[in-house]
Amino acid sequence: MNYLGHAYLHLDNPYFAAGTALPDWLNVIDRKNRARRQYAEPITKHADPLVACFARGVMRHHYDDNWFHQTAAFARLSTQFAVDVRQLLPSGLGHQAGFVGHISVELLLDAILCERDPQLLDTYYDMLRGLDAERVQMAANLICPRPLDTLAILIPKFIHSRFLADYHDDGLLRQKLNGVMQRVKLPLLPETLTPWLAVARNQVRESADELLTSTLK
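In the UniProt record's numbering, the protein residues as written are 1 to 217.
Right under this line is the structure:
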């Protein structure tokens, strides 16, 4: 799951919703620093209720990922997308197809959530603006094995960039995927992949209810 998939049911609980974003924020600022479930669990009993709430959000992120990646819809789509991408990539680049297939499902699901609720993106970013970024960083430092000093800087930049809004456009989505490819040191995806994203988008749209079933319980 991606940012909105984790958070969209919890926007009335800002520090919990922010906690669901921490593992993904770490992928941006410190990929080797992991906010694992076992690190977050003790902090759910913290005396500061907002810190405890943030830790519960981190726990929810891991719970979400666990069930999401085991759904039949995710397995079906990510496998099919990997096959599609492998056929579209230049010779010798097929090794990245599985990774692209995996994250394409997650990013496109965020786009579908925005289609379903046109106010979702504004509500999400407004919620983040209400956070005390320094307090979020302090809470994260109780969970992460290595200290963070850039999360409080990242959060305003994350809000200002509004890059989740770009997921609605196939060309812009390919650019965002390439940002991920750069971070994990994989070759960039060619422009020839853009038309495929439109097909993949429709497949995720058709399977969205199945992908979201567990969060709707």
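Virtual Cβ for every residue (Gly too), placed ideally from N, Cα, C.
Around the Cβ of residue i, are there at least 16 other Cβ atoms within 10 angstroms (buried) or fewer (exposed)?
| i | result |
| --- | --- |
| Gln137 | buried |
| Arg116 | exposed |
| Thr20 | buried |
| Phe81 | buried |
| Val184 | exposed |
| Ala139 | buried |
For residue i, which residues in the same chain have their Cβ closer than 7 Å to its Cβ, ignoring the five residues on either side in sequence?
| i | result |
| --- | --- |
| Lys217 | At Lys217 the pLDDT is 44, less than 50, meaning the model places this residue with poor confidence; the figure from the coordinates comes in the next sentence. So the list is empty, once near-sequence residues are dropped. |
| Glu106 | Met1, Asn2, Gly5 |
| Val180 | Ile103 |
| Thr44 | Ala52, Ala55, Arg56, Met59 |
Which first and last residues belong to the alpha helix (DSSP H) in which residue i is found?
| i | result |
| --- | --- |
| Ala152 | 151 to 161 |
| Glu206 | 194 to 211 |
| Thr71 | Per DSSP, Thr71 belongs to no alpha helix (DSSP H) and is neither H nor E. |
| Asn178 | 170 to 183 |
Going along the chain, which residues of its own chain have a beta-carbon closer than 6 Å to the beta-carbon of residue i, five neighbours each way excluded?
| i | result |
| --- | --- |
| Cys114 | Leu120, Leu121 |
| Thr150 | Ile29 |
Between residue i and residue j, which are expected to be in contact by the criterion C-beta below 8 Å, what is the C-beta distance as a whole number of angstroms?
| i | j | result |
| --- | --- | --- |
| Ala18 | Ile143 | The Cβ separation is near 12 Å, so there is no contact. |
| Leu88 | Leu193 | 6 Å |
Of all the CB atoms in chain C, is at least one closer than 8 Å to the CB of residue i?
| i | result |
| --- | --- |
| Pro42 | As a matter of chain content, chain C is missing from the structure shown, which is built from one protein chain. |
Given residue i, which residues of its chain have a CB within under 8 Å of its CB, disregarding the five upstream and five downstream residues?
| i | result |
| --- | --- |
| Pro14 | Met127, Leu128, Gly130, Leu131 |
| Phe16 | His10, Cys53, Phe54, Arg56, Gly57, Arg60 |
| Glu210 | Thr71, Ala72, Ala73 |
| Ile159 | Tyr125, Leu128, Arg129 |
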